Amino acid sequence: MATISVTVRAIAFVALAFTAGRFAHAAPITPEDSLPKTLLTCGGSTITDIGPRLEGDTDNSSGTSVFFKNGGSQVSYDKVTAILKSRKGDHVLICLVFVPKNCPTGDDRGKFYTTTNLRTLESWTLPDSQHSCGGA
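So for the sequence shown, the working numbering puts the first residue at 1; every next one is plus one.
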């Protein structure tokens, strides 16, 4: 059973890396990539912190937040099981899947990223901020 799990993970990793590279038309995905800035591009990073949405929340009842080495972050008002199963140091693939339009100058909040943890092979799609551009 362990051999099947390793094989499935290897196949999934190759598929994710190939797809990401095809959309990005760039060099291979690495843990040192910058945060994607163009819609439907991807990059690699590592998780640097996982926690609640709000400081002082000891049981994640306020939601979930995750931070990446490349400076990116994602936040949810819900408990996101896939994030809570992740660990600091896990390698992830981050893809930019939505960019809001008609934002005030200088307000770049509200981008949505789909992140896949390459250890657990679980994914989540969340925004980079609690509010979209022009919001609170």
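Quick reminder that beta carbons are idealized off the backbone N, C-alpha and C, glycines included. These figures come from a predicted structure and were not determined experimentally.
Proximity winner among the options, relative to residue i (alpha-carbon distances)
i    : options                  : result
H131 : T81, R109 and N70        : R109
T48  : A82, C42 and S65         : S65
K69  : D90, A82 and T46         : T46
T38  : L126, N102, V97 and T114 : V97
G102 : D128, S73, Q74 and C133  : The sequence given here places Asn at residue 102; Gly does not occur at that position. Ranking D128, S73, Q74 and C133 by Cα distance to N102 puts C133 first.
I29  : I94, K79 and Y113        : I94
D90  : T120, T81 and Q74        : T120
V80  : T41, A27 and E122        : E122
P127 : P52, R53, T41 and S73    : S73
V99  : G51, E32 and T125        : T125
P104 : G135, E55 and F67        : G135
Burial state of residue i (16 or more Cβ within 10 Å)
i    : result
Y77  : exposed
P36  : buried
R22  : Any reading at R22 needs caution, since the residue's pLDDT is 49, under 50, leaving its predicted position unreliable; the model's value is listed next. R22 is exposed by the Cβ-count criterion.
S5   : Because S5 sits at a pLDDT of 40, beneath the cut-off of 50, its placement in the model cannot be relied upon, and the point is left open.
K85  : exposed
K88  : exposed
K111 : buried
S34  : exposed
T115 : buried
S62  : buried
G44  : buried
T41  : buried
A24  : Because the pLDDT at A24 is just 46, under 50, the model does not fix this residue reliably, and the value given afterwards should be weighed accordingly. Answer is buried; the Cβ neighbour count reaches 16.
Run of the beta strand (DSSP E) containing residue i, from where it starts to where it stops
i    : result
P127 : S123 to P127
T116 : F112 to N117
Those residues which DSSP pairs with residue i across a bridge
i   : result
S45 : V92
### Task
Go through the stretch 48 to 110 residue by residue and report every complete run of the alpha helix (DSSP H) that reaches 4 residues or more, in order.
81 to 84
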